[in-house]
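Residue numbers (the numbering used here), protein chains in the order written: chain X, 1 to 427; chain W, 428 to 747.
Worksheet: the structure to be examined is printed underneath.
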Amino acid sequence: MARLLIRNARLLDPASGLDVPGGLLVEAGRIAGLGPELRDVALDGAEVIDAGGQCLAPGLVDLRVQLGEPGAEHKERFESAGAAAVAGGVTSFAVLPATHPPIDDPSMVEFVARRARKARLAKVYPWAAVTRGLEGSQLSEMGLLLEAGAVGFTDGWRAIGDAKVMRRALTYARTFDALVAVHPEEPSLARGTVMNAGAIATRLGLAGVPRVAELIQIERDLRLLETTGGRLHIAHVTTADGVAAIRRAKDAGLAVTCDVTPHHLLLNELEVEGYRTFAKVSPPLRAEDDRVALVEALADGTIDAIASDHCPQDQESKRVPFASAEFGVVGLETMLAVTLTLVHEGRLGLLRLLEALCTAPARLLGITAGRLQPGAPADLVLFDPDAPWKVTEQGLRSLSKNTAFEGRLVQGRVTRTLVDGRIVFAA
Amino acid sequence: MATTESTLRFRHRHLLGIEGLQPFEIQDLLDRADGFVEVNRRTEKKLALLGGMTLLNLFFEASTRTLTSFELAGKRLGADVVNMAVATSSVKKGETLIDTAMTLNAMHPDVLVVRHAESGAAALLARHVHCAVINAGDGWHEHPTQALLDALTIRRRKGRIEGLVVVICGDIQHSRVARSNIHLLTTMGARVRVVAPPTLLPSGIDRLGVEVHTRMQDGLAQADIVMMLRMQQERMDGAYVPSVREYFRFYGLTQDALTAARPDALIMHPGPMNRGVEIDGVVADDIQRSAILDQVEMGVAVRMAVLEALTRDRRQEQPG
């Protein structure tokens with residue numbers, strides 16, 4: 001039986017609040033034990049990794065990743081996304097249904113599982129569509145999709161405009177205790193817009209979506225949730241008002257959760273200056289006071305999780321005038337390093353960050369991951385939290401290079417990633 | 428001749444917008460354009476400043492007057508001028524914009540004049556060519572030569588720009604003319620007001636340093652210059668404004684509305700005009716007050732000045 005000992009590490013388990021020097025033993029792909037007593041032991045027949053004091057944490061779980069398979073294989077494949085993921089310390093990720101055809105049919109869920117098995121890097125879980133064809137009108141076969149392996153339902157970047165459809169989706173999903181994740185933008189206000197509304201959009205001559213579009217949609221869905229019950233997850237919240245609405249709903253005991261992206265945590269609408277299409281994301285980058293509110297909400301737990309919103313786009317989709325460019329940035333590979341900035345700046349504790357990157361998303365998806373626990377799969381990341389490096393397009397493993405962090409200096413480097421005890425990445 | 432030659436180096440490779448230009452640079456361009464006005468009034472209009480150079484007019488959006496103006500400007504300076512009207516349908520995909528740029532670049536033009544329906548298109552194109560690029564209008568963003576010709580018109584008629592009350596009326600939201608004029612006029616010390624139905628006022632417009640009004644009466648009070656913008660028909664079908672007649676009633680420039688402005692207020696319009704929509708025909712034709720035809724004349728002179736400025740370094744490189 002293969003045994004692997006990682007010793008001389010800083011053990012970080014956000015689920016239990018553990019942060020001690022120690023070691024961790026892997027047996028047959030699972031965590032066999034961990035603790036300070038394993039910090040400096042010798043075990044016969046075990047392969048040993050000396051972590052040199054680096055951080056050992058549960059592998060990251062990314063809630064939202066868009067792949068190009070099927071339909072846009074030139075943008076991202078399972079293999080390339082998997083390589084990007086493990087290089088970024090991500091050991092599990094959930095893929096969004098906006099493929100061609102979309103994941104709105106059990107056969108597509110099975111396709112994802114089959115392709116992920118073949119790629120054999122990070123573990124891949126499929127979201128399924130809330131509505132057929134992501135068209136926002138007819139409910140997908142939620143029960144069958146769950147049986148096939150879907151982890152939850154979302155129409156990705158498409159907001160469900162029809163309140164009746166949304167109400168039925170929440171009601172029906174409750175039968176299966178399934179999570180429904182939504183894009184928080186009132187679609188008629190968002191239609192045709194390409195960035196945040198305000199003085200910058202006005203000066204650039206670009207159509208902006210007002211911040212209130214987010215609040216309206218969030219408020220609507222929260223009101224529906226009050227009457228339907230069920231589990232609502234609000235994806236990529238971006239405004240101070242949106243966060244405040246969710247905070248109030250949580251205080252009132254509603255079963256609502258939400259997440260935020262690294263780019264909304266670190267960047268604001270000024271990135272769009274010069275018509276930088278790599279800063280074109282949906283929902284858009286907002287004002288600085290929104291960004292600050294997001295960081296605070298992440299720290300106080302109002303925002304549950306961080307999701308990369310990994311959305312690969314090729315050159316042809318981005319090297320065009322701003323309004324014509326596709327939305328989205330890649331983020332699997334930079335998610336940990338970029339968000340560690342908040343820890344270095346003292347805005348966030350390291351355990352809280354890891355909770356949002358590992359434990360919370362795993363809990364939301366209902367998968368066994370995101371914690372250092374004997375018996376759990378040995379999905380682990382070893383990283384040096386201080387090691388500096390520079391994000392460059394050429395350095396990315398993703399097939400698409402549309403990072404919003406090009407040229408940025410970050411601190412925090414993944415040195416090893418393990419999936420089921422296998423070393424799938426080593427720097 | 429002294430009026431058309433300047434010793435000042437123009438420190439920009441392209442003219443993509445007014446934003447970022449310094450007052451002295453605007454001043455210099457206007458001074459030079461002033462000289463070209465006189466040249467254009469002579470029978471012998473042709474100069475050799477751009478002799479041997481190639482000017483490419485690349486228009487992705489239909490235009491008659493701007494295209495003609497650039498063509499005349501180029502020819503009067505002695506350049507070879509080629510006009511390319513690119514059908515919008517065939518360039519729906521932006522990749523073609525860069526492809527087109529690189530293709531044209533390989534033909535070694537010296538100046539590329541570009542008009543495009545999308546904000547930022549001129550800047551994108553400029554990154555992929557070696558020649559000077561002049562933005563002849565990109566989406567809602569900027570139309571710098573229009574602002575320069577407006578400024579020249581104002582300066583010649585009023586003797587100054589600084590301290591004047593300039594009112595820009597109409598569809599501010601979708602207007603590149605408005606944005607370029609706001610940048611230029613505020614840079615040169617004018618007091619700029621915008622007047623529009625609130626549905627056509629973009630958010631944060633006050634941050635550009637203008638006073639914002641939604642009633643003509645308030646906006647026009649004691650105005651020295653009234654600049655009307657062209658109102659697109661399709662925006663007056665209930666989308667932004669309920670109807671044409673309602674728009675004309677509350678935002679049309681009529682003799683009556685003009686009584687709020689100074690008696691010697693100058694009326695301007697970038698053209699083409701919609702009589703009976705944004706401007707009353709009688710007002711437009713009032714030879715005492717309307718500067719609309721002056722604007723057209725100044726357009727050629729200003730474009731000559733810009734072409735001269737952007738090619739100055741190139742000319743000095745040439746032997747002999």
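Note that CB positions come from ideal geometry on N, CA and C, so glycine has one too.
Where residue i falls, given that 16 or more other Cβ within 10 Å makes a residue buried
i, result
"Q315/X", "exposed"
"A356/X", "buried"
"A549/W", "buried"
"K118/X", "exposed"
"P385/X", "buried"
"K473/W", "exposed"
"H696/W", "buried"
"L56/X", "buried"
"H74/X", "exposed"
"Q682/W", "exposed"
"V41/X", "exposed"
"S80/X", "buried"
"T491/W", "exposed"
"F451/W", "exposed"
"T238/X", "buried"
Boundaries (first-last residue) of the beta strand (DSSP E) holding residue i
i, result
"H233/X", "231-234"
"H344/X", "Segment 335-344 is the alpha helix (DSSP H) holding H344/X; no beta strand (DSSP E) there."
"S92/X", "90-95"
"G564/W", "559-565"
"R39/X", "Where R39/X is concerned, there is no enclosing beta strand (DSSP E), given that its DSSP letter is neither H nor E."
Start and end residues, alpha helix (DSSP H) containing residue i
i, result
"E214/X", "212-228"
"T614/W", "603-614"
"V729/W", "719-737"
"I246/X", "240-251"
"M142/X", "142-148"
"E271/X", "Run containing E271/X: none; DSSP gives neither H nor E here."
"V704/W", "Where V704/W is concerned, there is no enclosing alpha helix (DSSP H), given that its DSSP letter is neither H nor E."
"R634/W", "Note, R634/W: premise wrong, no alpha helix (DSSP H); not H, not E."
Residue i, DSSP secondary structure in three states
i, result
"V182/X", "strand"
"D104/X", "coil"
"F327/X", "coil"
"E673/W", "helix"
"T470/W", "coil"
"H264/X", "helix"
"D162/X", "coil"
"Q411/X", "strand"
"G747/W", "With a pLDDT of only 44 at G747/W, under 50, the local geometry of the prediction cannot be trusted, and the value read off the model is given with reservation. G747/W: coil per DSSP, three-state reduction."
"A98/X", "coil"
"D650/W", "In the sequence as displayed, the identity of residue 650/W is Ala instead of Asp. In the structure shown, A650/W sits in coil (DSSP, three-state: anything other than H, G, I, E or B)."
"A307/X", "coil"
"F486/W", "strand"
"E569/W", "strand"
"N510/W", "strand"
"S516/W", "Here the model assigns S516/W a pLDDT of 49, short of 50, so the residue's position is not dependable, and the following value carries that caveat. Helix at S516/W."
"R363/X", "helix"
Bridge partners - residue i, DSSP secondary structure assignment
i, result
"A57/X", "V381/X"
"G208/X", "M195/X"
"C596/W", "V622/W, M655/W"
"R397/X", "Paired residues: none, contrary to the question."
"G586/W", "Paired residues: none, contrary to the question."
"F153/X", "A128/X, V180/X"
"L25/X", "L5/X, G33/X"
"H640/W", "V622/W"
"T257/X", "H233/X"
"R347/X", "DSSP output for R347/X lists no bridge partner at all."
"F425/X", "T417/X"
"L693/W", "I652/W"
"I49/X", "I6/X"
Cross-chain neighbours of residue i in chain A, by beta carbon under 9 Å
i, result
"I525/W", "Absence of chain A from the displayed structure is noted, the protein chains being X and W."
Nearest-angstrom Cβ-Cβ length linking residue i and residue j, presumed shorter than 8 Å
i, j, result
"E214/X", "P283/X", "6 Å"
"G698/W", "P571/W", "Not confirmed; about 17 Å, so no contact."
"A87/X", "R413/X", "Actually they are not in contact, since the Cβ atoms of A87/X and R413/X sit about 10 Å apart, beyond 8 Å."
"G766/W", "Y275/X", "Residue 766/W cannot be examined here, being either before or after the span of chain W that is shown, 428 to 747."
"L139/X", "A169/X", "6 Å"
"I599/W", "L627/W", "6 Å"
"V330/X", "N402/X", "6 Å"
Residue i beta carbon near the ligand GTP (any heavy atom closer than 6 Å)
i, result
"E705/W", "In the structure on display, the ligand GTP does not appear, and there are no ligands present to speak of."
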